[in-house]
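Working notes, beginning with the structure itself.
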Amino acid sequence: MAVASLLDLGASEEAVRAALAPLAGEGFELRIGRVEKAGLDCCDFDVVLDEEHDGHDHDMAYLYDPEWTPREGSVAGGAAHPHAYGGGHERAHHHRSYAQVREVLATLDLTPRARSLAEKTFRLLAQAESKAHGVPVDEVHFHEVGAIDAIVDVVAAAVCLDSLGVEKVIVPRVVDGTGMVRCQHGVIPVPVPAVVNIAADTGLPLSVGSRQGELVTPTGAAIAAAAMTSTSLPKRFLVKACGMGVGKRDYDPPSILRALLIEEMDSGDDTAPGGGLAHGADPSSAGAPAHSVAPSFVSAPVLAGGASAPGDWIWKLECNIDDSTGEMLGAVLEDLMAAGARDAHFLPVFMKKNRPAYELAIICDDAHREALERIVFAETTTIGIRRQRMERSVMDVSWRDVETSYGIVRVKVCRRDGLLRAYPEYESVRAVARAAGTDFRTVYLAAATSA
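At position 30 of the sequence shown the residue is numbered 30 (the UniProt record's numbering), and the sequence of numbers has no breaks.
Pasting the structure below:
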């Protein structure tokens, strides 16, 4: 439903089809059209599989056995009453490892932002499944999520968001159902473990409604979490466009996902939570029904007076250490940066009983958080790590090669609200200075001036 709502919002159908063209031999057809649901005109995005690849209920392709379709009343009172598994179950499913999914994504001609969103979506899914099943991320095998239809859904959603040019994706909350569902691993509670893990790892706001059944799939949760930059709607905004995407299942309320393209009217921190406006739906185009006709994606590409700078969500990890040696601390800092930390540093502090100590602070994204925490526990003496998810304002960063009389230097160019700054990259400056037989400062100033 996410793809349908974003296409209806104005995303480029041509961009979606072009991005997916290299997968033409994978046995699917895209059908995009208009349908009426609950008296409302909606966009329908359907991935039609050929007989070789089909064999499951596409609308909840991630979890359900192909021979069992959940029905009204099939789950009640916390007890599941599903249909029995049918024959040929293993033959019906197409499995891909996480590495194979990444290989498929690598074959596609995507913009950097669309590729990043698609890769992040599957990374979140892999991490959630890794935690749910107790296996390393690299050993995760997707079931139907790894099949071509779900790859199409995830890539299409990423391309749609990129083609709209939105800088903020606001997800006030997603609302799941309750009860139990039957999946390939047996009968499990709703919200399903992968959805819970995604919400826990990313800060995706999740609530549980009274309706029996799964309303948020792992795919939908991952798409929402990967795209989300904020959970709070502006207090006042202009609606620039509205997109209505329809799901395949018939529910009451109807399975419709609404996306709004908005322009903020007020500046500053005068925001309000989105719970009064949004009552959630599964943002996956392959996903579950909407709990009500309301947005779970709200996109804000333009602010009054010009485009806003892009936002960024990070984790900040902290711990205080008073009984590790200097050698240990120096080593762990190097290991943290090598393992994917965006930044890490020590601050001198005084702890209880006036003990001199160091506060270790780490900035990272959600994809690296758990691995970095494992390094801290393994290589320091701390017994606990504080963490908080933070939104930060960042400048738009790009890279360029600058020619100087000493050689070519790589320069980081930063822009925001009319500001422009250029920073020669340290390793590049050092390498050019050594090759030219001159000092670091001379090359740095030459590159900064030329930029």
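Glycine included, C-beta positions come from ideal geometry on N, C-alpha and C. These numbers were taken from a predicted model, which means no experiment stands behind them.
Could you tell me which of S324, V175, T449 and G186 sits nearest to A224, measuring between CA atoms?
-> V175
According to the neighbour-count rule (16 or more other Cβ atoms, all chains shown, within 10 Å of its Cβ), is D59 buried or exposed?
-> Any reading at D59 needs caution, since the residue's pLDDT is 39, under 50, leaving its predicted position unreliable; the model's value is listed next. That one is buried.
Could you tell me the distance, in whole angstroms, from the CA atom of R416 to the CA atom of D396?
-> 6 Å
Under 9 Å between C-beta atoms of A222 and D109 = no
Alpha-carbon to alpha-carbon, E427 and A447 | 13 Å
So what's D439 in DSSP terms, helix, strand or just coil?
-> coil
Pick from A199, A194 and I32 that is closest to A132, judged by C-alpha positions = A194
Determine the direct distance from the alpha carbon of P218 to that of E373, and round the result to whole angstroms.
-> 24 Å
In the structure shown, what three-state DSSP assignment does L445 receive?
-> helix
Endpoints, the alpha helix (DSSP H) within which I151 is located = I148 to L164
Hey, would you say A367 sits closer than 9 Å to L124, going by beta carbons?
-> yes
If you compare alpha carbons, which of K120, M228, A227 and A259 is closest to C242?
-> A259
Are the beta-carbon atoms of E379 and E318 separated by less than 9 Å?
-> no
How many angstroms separate the CA atom of V137 from the CA atom of R369?
-> 13 Å
Limits of the unbroken alpha helix (DSSP H) element including S130 | P112 to H133
Where do the N-terminal and C-terminal ends of the beta strand (DSSP E) with R415 fall, by residue?
-> G407 to R416
Per the contact definition of three or more C-beta pairs closer than 8 Å, is the stretch 380-393 in contact with the stretch 348-356?
-> no
Three-state class that DSSP yields for K235 in the structure shown | coil
C-alpha gap between G177 and K168, whole angstroms = 27 Å
Who pairs with L333 in a beta bridge, going by DSSP?
-> According to DSSP, L333 bridges with nothing at all.
Alpha carbon of T351 to alpha carbon of L333, nearest angstrom = Per the sequence shown, residue 351 should be read as Met rather than Thr. Cα to Cα, M351 sits roughly 21 Å from L333.
Option nearest V135 by Cα separation, candidates E214, L117, Y98 and P112 | Y98
DSSP on S398, reduced to helix/strand/coil?
-> strand
What distance in whole Å lies between the Cβ atoms of A422 and A451, which are believed to be in contact at a cut-off of 8 Å?
-> 4 Å
Should the stretch 104-120 be regarded as contacting the stretch 194-204, the criterion being three or more beta carbon pairs within less than 8 Å?
-> no
Determine, using beta carbons only, whether I363 and W315 come nearer to each other than 9 Å.
-> yes
Look at the alpha carbon of residue 477 and the alpha carbon of L7, and state the distance between them as a whole number of angstroms.
-> Residue coverage of the chain in this structure runs from 1 to 451, which leaves residue 477 outside it and unanswerable.
Sorted by chain position, which residues of the same chain lie with C-beta nearer than 7 Å to I151's C-beta, five sequence neighbours on each side aside?
-> V101 and V104
Just the C-alpha distance for C42 and G340, rounded to the nearest angstrom, thanks.
-> 42 Å
Using DSSP with H/G/I as helix, E/B as strand and the rest coil, what is A272?
-> Reliability of the predicted coordinates at A272 is poor, the pLDDT of 43 falling under 50, and no value is obtained from them.
Tell me where the alpha helix (DSSP H) around E218 begins and ends.
-> The residue you asked about is not Glu; residue 218 is Pro in the sequence shown. Its alpha helix (DSSP H) spans residues P218 to A227.
On a CA-only basis, which of R410, I375, L164 and M265 is nearest Y238? Give me that one, please.
-> For clarity, residue 238 is Leu in the given sequence; the question names Tyr instead. The option with the nearest alpha carbon to L238 is M265.
contact_flag[the stretch 178-192, the stretch 153-164] where n(CB pairs < 8 Å) is 3 or more = no
Thinking C-alpha only, which one of R113, D439 and V409 is nearest S163?
-> R113
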